[in-house]
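Heads up: the sequence lines are chains A and B, in that order.
Residue numbering for the first sequence follows our numbering, beginning at 457 and increasing consecutively.
Residue numbering for the second sequence follows our numbering, beginning at 3 and increasing consecutively.
To start, the structure under review is shown below, and the notes come after it.
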Amino acid sequence: MPDEMPTPVEIGRANLFDIKVKWQDGHEGIYPARYLRFQCPCAGCVDEVTGQRRLTASMVPQDIKPLGIQLVGRYAITIEWSDGHRTGIYPFDLLRKVCPCCCTSRTKQ
Amino acid sequence: MAVTEADIRNALKAVQDPDLHRDIVSLGFVQDVTIQGGRVAFKIELTTPACPVRDQMRDQAAQVVRAIPGITQVDIQMTSQVRPSILQADRPLTPTVKNIVAIASGKGGVGKSTVSANVALALAKTGARVGLLDADVYGPSIPTILGITGSAQISANQQIVPIERHGLRVMSMGFFMKPDEAVVWRGPMLHKTVQQFLGGVQWGELDYLLADLPPGTGDVQLSLCQAIPLTGAVIVSTPQDVALNVAQKAITMFKKLNAPILGIVENMSAYVCPHCGTREEIFGSGGARTIAQRLNLPFLGEIPLATPIRETSDAGQPIVISQPDSPSARAFTAVAEQLAAQISIRAMTGELGTEIKVTF
Chain A
457 MPDEMPTPVE
467 IGRANLFDIK
477 VKWQDGHEGI
487 YPARYLRFQC
497 PCAGCVDEVT
507 GQRRLTASMV
517 PQDIKPLGIQ
527 LVGRYAITIE
537 WSDGHRTGIY
547 PFDLLRKVCP
557 CCCTSRTKQ
Chain B
3 MAVTEADIRN
13 ALKAVQDPDL
23 HRDIVSLGFV
33 QDVTIQGGRV
43 AFKIELTTPA
53 CPVRDQMRDQ
63 AAQVVRAIPG
73 ITQVDIQMTS
83 QVRPSILQAD
93 RPLTPTVKNI
103 VAIASGKGGV
113 GKSTVSANVA
123 LALAKTGARV
133 GLLDADVYGP
143 SIPTILGITG
153 SAQISANQQI
163 VPIERHGLRV
173 MSMGFFMKPD
183 EAVVWRGPML
193 HKTVQQFLGG
203 VQWGELDYLL
213 ADLPPGTGDV
223 QLSLCQAIPL
233 TGAVIVSTPQ
243 DVALNVAQKA
253 ITMFKKLNAP
263 ILGIVENMSA
273 YVCPHCGTRE
283 EIFGSGGART
293 IAQRLNLPFL
303 GEIPLATPIR
313 ETSDAGQPIV
323 ISQPDSPSAR
333 AFTAVAEQLA
343 AQISIRAMTG
353 ELGTEIKVTF
């Protein structure tokens, strides 16, 4: 089915800062911590009405790192960050969409 | 030449499970084969006691084995072992519950609670261990339908003890409220309650936990899908367009949350006049089946619009228990069997078993 949600098979550390996600289709992506922190879709980081990002560069420490990752139901993960932020729920499709790899956007979908 | 176990197993390979599209030998259903001269005995262990094709499979198995030369008698014992559709590691809140199914609808008043209660009872009657979680925090009606007036007890280890009724383990917000009280809560309280109802209740070993959801696509639905990996959701709808249009919104929500849709049930399908037998399609008929076909989802069955269903629900004696041979009770049983089959398919094809390893 084309509207099927992409599913990760393994989520772990690439190193102290970066998160590695292996996908069911074999794709692998490495997400730098600070980059992923900026993708946080929670209502504190993104304006719920306008959709504009509220988070600015100065608000996130340069050395931010993930402290923990948990699955949310069957569709997302939540990340506890070293700056104390932990309210973001990253659905798998968002995670796949923002994969910072070199693949074209077509294969990311 | 004496008949061997290999001969028996070979013959049984001709018997297919019609839902899983594989033969019962390679599925591992055939167990404990014993042969004494011309007498053969074995066990067929199905994936649910509510299997809709149980008798058909037994008859076929008996037939193919009896066809082996030298066989004079075939004794088949039908058993079942419900398989979990969710990996135990992925359900820390409810480690002893094998399958969790949400019963949902787009709009209210389509009979979710009546369907939930009767389907749960029909599953329990087959011998399955079934729990019913009334997650409609605002308008809990399961206590009325099941005729439960007591309130829930807290165990020594600070867990809520579900109330047992007609073989079901039941938990409801209604157990904590006085009849004239109302729950006036915002989202965070609902989230906490959903978690409490899953992890804070002594469910014990369950094959199926059915969660009767409030109508719509709101806090409770979201919290439930976040707290646990659901086996899937069942959508209840009446046949008229206005309900079906909203039902599709519920389907969209579950897709977004990656919770599989196990099927659609059409409730209040048609009214058969008890006096003259005329069939009256008050809300139309067949609409849910059409939607299911269009969206490529399983259709689990139709429940008629019948006064006895309402009467027995209001009296706290659901029709599956009080009038088990009525057409309405049989309709609920058929839906329960189709649902059990869908859950088995999910569990056996590993569609949901894809483990997401979090190594952190």
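Cβ atoms here follow ideal geometry from the backbone N, Cα and C, with glycine treated the same way.
What do you get for residue i, buried or exposed, if any count of 16 or more other CB atoms within 10 angstroms of its CB means buried?
| i | result |
| --- | --- |
| aspartate 21 of chain B | buried |
| aspartate 57 of chain B | exposed |
| methionine 457 of chain A | Reliability fails at methionine 457 of chain A, whose pLDDT of 37 lies under 50, so the model's placement of it is uncertain and the value that follows must be treated cautiously. Methionine 457 of chain A is exposed by the Cβ-count criterion. |
| aspartate 9 of chain B | buried |
| lysine 194 of chain B | exposed |
| arginine 281 of chain B | exposed |
| leucine 354 of chain B | Note that leucine 354 of chain B scores a pLDDT of 48, beneath 50, so its modelled location is shaky and nothing firm can be said. |
| aspartate 182 of chain B | exposed |
| glutamate 313 of chain B | exposed |
| isoleucine 147 of chain B | buried |
| methionine 175 of chain B | buried |
| cysteine 557 of chain A | exposed |
| glutamate 304 of chain B | buried |
| aspartate 243 of chain B | exposed |
| arginine 510 of chain A | exposed |
| cysteine 555 of chain A | buried |
| glutamine 565 of chain A | Note on glutamine 565 of chain A: pLDDT 47, under 50, position unreliable in the model; no value is reported. |
| lysine 127 of chain B | buried |
| glycine 485 of chain A | buried |
The beta strand (DSSP E) with residue i in it runs from where to where?
| i | result |
| --- | --- |
| glycine 540 of chain A | Glycine 540 of chain A -> no beta strand (DSSP E), and no H or E assigned at all. |
| glutamine 33 of chain B | 32 to 38 |
| leucine 264 of chain B | 263 to 268 |
Relative to the C-alpha of residue i, which residue among the options is closest?
| i | options | result |
| --- | --- | --- |
| alanine 158 of chain B | B:Ser174, B:Val203, B:Pro142 | B:Val203 |
| arginine 348 of chain B | B:Thr49, B:Ala16, B:Asp9, B:Glu7 | B:Thr49 |
| glycine 129 of chain B | B:Thr219, B:Val84, B:Asp92, B:Pro262 | B:Val84 |
| glutamine 228 of chain B | A:Tyr531, A:Gln495, A:Leu550 | A:Tyr531 |
| glycine 105 of chain B | B:Ala261, B:Gln38, B:Ala13 | A small fix is needed here, since residue 105 of chain B is isoleucine in this sequence, not glycine. Per the Cα distances, B:Ala261. |
| glutamate 207 of chain B | B:Phe178, B:Ser225, B:Gln90, B:Asp19 | B:Gln90 |
| threonine 219 of chain B | B:Ala252, B:Lys180, B:Ala126 | B:Ala252 |
| leucine 224 of chain B | B:Pro190, B:Phe178, B:Gln79 | B:Pro190 |
| glutamine 340 of chain B | B:Asp327, B:Val55, B:Cys278, B:Thr361 | B:Val55 |
| isoleucine 475 of chain A | A:Asp549, A:His541, A:Thr543, A:Trp537 | A:Trp537 |
I need the boundaries of the alpha helix (DSSP H) containing residue i, first residue and last residue.
| i | result |
| --- | --- |
| glycine 234 of chain B | Glycine 234 of chain B -> not in any alpha helix (DSSP H); beta strand (DSSP E) instead, spanning 234 to 239. |
| tyrosine 487 of chain A | Element bounds for tyrosine 487 of chain A: not the alpha helix (DSSP H) but the beta strand (DSSP E), 484 to 487. |
| leucine 224 of chain B | 221 to 229 |
| arginine 68 of chain B | 56 to 68 |
| arginine 312 of chain B | 309 to 316 |
Just to confirm, are residue i and residue j a CB contact at a threshold of 9 Å?
| i | j | result |
| --- | --- | --- |
| aspartate 136 of chain B | serine 153 of chain B | no |
| glycine 169 of chain B | leucine 123 of chain B | yes |
| arginine 60 of chain B | valine 35 of chain B | no |
| isoleucine 266 of chain B | leucine 232 of chain B | no |
| alanine 290 of chain B | phenylalanine 301 of chain B | yes |
| proline 306 of chain B | tyrosine 273 of chain B | yes |
| glutamine 33 of chain B | aspartate 25 of chain B | no |
| isoleucine 237 of chain B | isoleucine 88 of chain B | no |
Which partner residues of residue i appear in the DSSP bridge assignment?
| i | result |
| --- | --- |
| aspartate 327 of chain B | Paired residues: none, contrary to the question. |
| aspartate 25 of chain B | B:Gln18 |
| methionine 179 of chain B | Beta-bridge pairing links methionine 179 of chain B to no other residue. |
| lysine 359 of chain B | A:Glu466 |
| lysine 45 of chain B | B:Gln33, B:Gln79 |
| tyrosine 273 of chain B | B:Glu282 |
| tyrosine 476 of chain A | Here the sequence assigns lysine to residue 476 of chain A, which means tyrosine is not the residue at that position. According to DSSP, which records beta bridges pairwise, lysine 476 of chain A is partnered with A:Gly468, A:Ile486. |
| leucine 135 of chain B | B:Met173, B:Ala213 |
| glutamate 504 of chain A | None; glutamate 504 of chain A has no bridge partner. |
Using only the heavy atoms of the ligand SAM, determine whether one of them is closer than 8 Å to the beta carbon of residue i.
| i | result |
| --- | --- |
| aspartate 316 of chain B | Annotation note on the ligand SAM: not contained in the displayed structure, which lists no ligands. |
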